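*Asks:* Take a look at this one; I'll ask things after.
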Amino acid sequence: MADMGNLWEDLRKQARQLENEIDLKLVSFSKLGTNYSSHNDYGSESAPLINKSSSEHMFDTMAMEIEQLLSKLQDVNDRMSDYTQNISMSSPSAALLHTLQRHRDILQDYSHEFHKTKANISAIREREDLLGSVRRDISAYKNSSGLNRRTDMYLKEHDHIRSSEKMIDDQISIAIATKENLQSQRKVLGTITQKMNSLANRFPLINTLMQKINLRKRRDTIILASVIATCVIVLLLYAFH
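For the sequence shown, the tail end lands on 241 under UniProt numbering, and the numbers increase by one without skipping.
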């Protein structure tokens, strides 16, 4: 039982030591995040790049150290939890459980603070990298030679010429399509004209035929009338004879 008590005290001692180390590391880590932006002024030339590299290396190193300490503290808390569960003679006292819960809460607070600070510094780094890239692009543009600017102008003029050529090609294509359409309509109108002329040429023949039919009908009528008149005269002469 005495060995068990010594184990508990040893675990508590390790937990407090790790908690103190993590607390100091988190304070330094938070200061690094506060001063990170001022150490990365991209307006200068060489010194800011050195500061930037140094700050990033310090950030990565401190983050790795704190993660290792948090992992160790988690391991100690797990061992303390196992201790409270392996007491065989009696159930763990409320004091032991309270102490264990307190160390768990401390670990949770430290983990939350670490991840929050790490996320803030990462956001600052990304923002500074973006601003630095924009500044470098602007500086490169300002420092570009007149030849490069003339080349850009020539390229833009070339693009304008190509666009104009494309527009002209489109207009020519439209004109060709219109011409083909008009030619097609001309062929259709020619065909209709031929048919109309053909019908016009046939109409005189039809009129002549109708006239011949009418003349024959008149001749037949005259002959029939003559026969009837002759028959009437003969009958009258026979009646009065």
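By construction, the Cβ of each residue, glycine as well, lies at the ideal position given by its N, Cα and C atoms. Since the structure is predicted, the reported quantities are computational estimates derived from the model, not experimental observations.
For S122 and N35, I'd like the C-alpha separation in whole angstroms.
*Replies:* Approximately 13 angstroms between the Cα atoms of the pair.
*Asks:* Pick helix, strand or coil for I124, following the three-state DSSP scheme.
*Replies:* DSSP places I124 in helix when its eight states are reduced to three.
*Asks:* I'd like the list of long-range same chain contacts for C231, defined as Cβ closer than 7 angstroms, with 5 residues on each side in sequence excluded.
*Replies:* Correct list: empty, nothing qualifies.
*Asks:* Taking C-beta to C-beta, are T84 and L107 nearer than 8 angstroms?
*Replies:* No, the Cβ-Cβ distance between T84 and L107 is not below 8 angstroms.
*Asks:* Assuming L70 and F114 are in contact, meaning their beta carbons sit under 8 angstroms apart, how far apart are those beta carbons, in whole angstroms?
*Replies:* Going by Cβ atoms, the distance from L70 to F114 rounds to 7 angstroms, so yes, they are a contact pair.
*Asks:* Helix, strand or coil: which one does DSSP assign to N86?
*Replies:* Of the three classes helix, strand and coil, the one that applies to N86 here is coil, per DSSP.
*Asks:* What separation, rounded to the nearest whole angstrom, lies between the Cα atoms of L32 and D159?
*Replies:* Those two C-alpha atoms are separated by around 50 angstroms.
*Asks:* Use the C-beta contact count for D78: other C-beta atoms within 10 angstroms, 16 or more gives buried, fewer gives exposed.
*Replies:* It is exposed - the Cβ of D78 has fewer than 16 other Cβ atoms within 10 Å.
*Asks:* V76 and A119 look like a contact to me (Cβ under 8 angstroms); what is the Cβ gap, rounded to whole Å?
*Replies:* V76 to A119, Cβ: 26 angstroms. No contact.
*Asks:* Which term fits Y238, buried or exposed, when burial requires 16 or more other beta carbons within 10 angstroms of its beta carbon?
*Replies:* Answer is exposed; the Cβ neighbour count stays below 16.
*Asks:* Just verifying my parser: in three-state terms, what is the DSSP assignment at A47?
*Replies:* Per-residue confidence for A47 stands at a pLDDT of 40, beneath the threshold of 50, marking its modelled position as unreliable; no derived number is given.
*Asks:* For S173, does the three-state DSSP call read helix, strand or coil?
*Replies:* S173: helix per DSSP, three-state reduction.
*Asks:* Let's test the definition: count the other Cβ atoms within 10 Å of the Cβ of F59 and tell me whether it reaches 16, buried, or not, exposed.
*Replies:* F59 is buried by the Cβ-count criterion.
*Asks:* Suppose the cutoff is 8 angstroms on Cβ atoms and the five residues either side in sequence are ignored; what does the same chain contact list for Y110 look like?
*Replies:* These residues qualify, in order along the chain: E19, I22, D23, L26, L70 and L73.
*Asks:* From S55 to H112, what does the alpha carbon distance come to, in whole angstroms?
*Replies:* Cα to Cα, S55 sits roughly 22 angstroms from H112.
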